[in-house]
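For the sequence shown, position 298 (counting from the first letter as 1) is numbered 729 according to the numbering used here, and the numbering increases by one without interruption.
See structure below.
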Amino acid sequence: MRCQTGAPLDRLPRFYYCACHVRVHTQAPAKVNLHLQILDVREDGYHNLVSLFQAVSLYDDVELATGGQDGSVSIAGDFPFPQESNTIHRAATLFRDKAGVRDGLRVRVHKRIPMGGGMGGGSCDAAATLLGLQELFGRPLSDRRLLSLGAELGSDVPFFLRGSAAAIVEGRGERVTPIAPRDDFGLVCLFPGIPVHTVDAYRMLDEMRRSVPSGAQAASRDSIGSEYMLPVEQWSFRNDFDDVVQRPEILRGRDMLLARGALACRLTGSGSTLIGLFATPGDADECIRRLPAGPSFPGAIVVKPLAMMPLVG
Ligand code: C5P
432 MRCQTGAPLD
442 RLPRFYYCAC
452 HVRVHTQAPA
462 KVNLHLQILD
472 VREDGYHNLV
482 SLFQAVSLYD
492 DVELATGGQD
502 GSVSIAGDFP
512 FPQESNTIHR
522 AATLFRDKAG
532 VRDGLRVRVH
542 KRIPMGGGMG
552 GGSCDAAATL
562 LGLQELFGRP
572 LSDRRLLSLG
582 AELGSDVPFF
592 LRGSAAAIVE
602 GRGERVTPIA
612 PRDDFGLVCL
622 FPGIPVHTVD
632 AYRMLDEMRR
642 SVPSGAQAAS
652 RDSIGSEYML
662 PVEQWSFRND
672 FDDVVQRPEI
682 LRGRDMLLAR
692 GALACRLTGS
702 GSTLIGLFAT
712 PGDADECIRR
722 LPAGPSFPGA
732 IVVKPLAMMP
742 LVG
């Protein structure tokens with residue numbers, strides 16, 4: 432990245448960047464959970480989990496620039512959330528605070544990832560903001576510090592910061608083990624048009640388990656990693672939220688994907704988006720062609736599993 436004078440930014444003192452009003456554009460990719468097991472409740476009230484995260488080719492655009500009123504963070508974009516409670520604002524404020532940045536920041540966002548859909552839209556925007564600000568201000572924070580800020584912002588954020596398009600995620604979400612990503616299988620994501628609130632989904636799962644405790648063993652990292660390498664039809668991955676998040680729109684969406692050739696269909700995260708799995712990207716394209724178009728299913732999209740996270744720049 433270069434400033435307007437053409438000098439490489441990493442050779443300039445930081446106050447100089449502030450005068451440059453440079454701009455960084457980041458693509459924030461969505462994720463799907465190919466496997467998600469929710470384990471015990473922790474002392475901090477969160478749940479331990481074990482999950483296989485895969486980044487996919489559906490992106491929000493986040494553009495960051497210095498400027499505007501000194502000390503303020505302003506966000507322009509096509510999303511309905513109040514400025515101060517959205518994850519971009521929280522990430523930018525935390526970063527400025529910890530990195531000692533005083534400049535005002537202007538952020539432009541173009542959202543494509545469904546909100547309340549379990550595809551990590553808020554978390555990848557937060558991660559893209561942290562990564563973009565690192566570039567904009569000459570990497571003032573260590574990778575380790577950035578990961579810990581990410582974990583403060585949300586349980587899924589560390590995955591998006593880690594830089595691997597596939598990873599096994601444990602703990603509350605902060606333990607991320609990268610694995611070699613696959614991009615040879617097909618995925619259709621179906622957003623049924625209704626959001627699911629993560630807090631409610633966890634509460635429903637806890638309630639169900641008070642009467643029917645889960646007897647399932649937590650899958651090990653090794654077993655998840657080796658199963659991921661098998662043909663998709665041999666995967667026995669699961670999502671524990673499938674047992675409790677059962678709105679009619681979701682059940683109908685699952686039937687439609689299975690009837691149109693999906694080898695398996697489950698929620699991603701706590702929903703509401705369904706993922707249909709296919710042996711090849713071509714099979715996923717064929718499923719989309721056979722889905723009814725129109726308002727009954729506004730959110731059916733073929734996404735590709737990513738082999739690489741997008742670069743910031
Ligand atoms: O960390 P994040 O903001 O994504 O979490 C949203 C909510 O989901 C938390 O308030 C908590 O109720 C639940 N959660 C959990 N255990 C996790 C992740 C999320 O209980 N590992």
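Don't be surprised by glycine CBs; every beta carbon is placed ideally from N, CA and C.
The structure presented is a predicted model; accordingly, all values stated were derived computationally and were not measured.
Identify whether residue i lies in helix, strand or coil by the three-state DSSP scheme.
i	result
residue 647	coil
residue 454	strand
residue 593	helix
residue 518	helix
residue 712	helix
residue 563	helix
residue 616	coil
residue 665	helix
residue 601	strand
residue 735	coil
residue 629	helix
residue 699	coil
residue 542	coil
residue 693	coil
residue 659	helix
Could you check the C-alpha separation between residue i and residue j for me, to the nearest Å?
i	j	result
residue 472	residue 602	11 Å
residue 501	residue 613	44 Å
residue 695	residue 468	17 Å
residue 498	residue 507	14 Å
residue 580	residue 524	11 Å
residue 404	residue 529	There is simply no residue 404 to check, as the chain begins at 432 and stops at 744 in what is shown.
residue 545	residue 535	29 Å
residue 657	residue 532	44 Å
residue 643	residue 541	42 Å
residue 670	residue 622	16 Å
residue 520	residue 504	7 Å
residue 615	residue 516	38 Å
residue 608	residue 590	9 Å
residue 680	residue 697	13 Å
residue 757	residue 687	Outside the displayed range of the chain (432 to 744) lies residue 757, so it cannot be described from this structure.
residue 655	residue 480	13 Å
residue 717	residue 462	22 Å
Drop a sphere of 10 angstroms on the beta-carbon of residue i, count the other beta-carbons inside from all chains shown, and report buried for 16 or more, exposed for fewer.
i	result
residue 586	buried
residue 711	exposed
residue 478	buried
residue 566	buried
residue 653	exposed
residue 742	exposed
Among the options, which one has its Cα closest to the Cα of residue i?
i	options	result
residue 649	663, 668, 631, 637	668
residue 631	595, 736, 672	672
residue 492	514, 466, 460, 476	460
residue 548	730, 698, 703	703
residue 510	522, 481, 543	543
residue 557	689, 482, 675, 494	494
residue 731	737, 715, 740	715
- List in chain order the residues whose CB is within less than 6 Å of at least one heavy atom of ligand 1. 477, 478, 480, 585, 586, 587, 603, 604, 629, 630, 633
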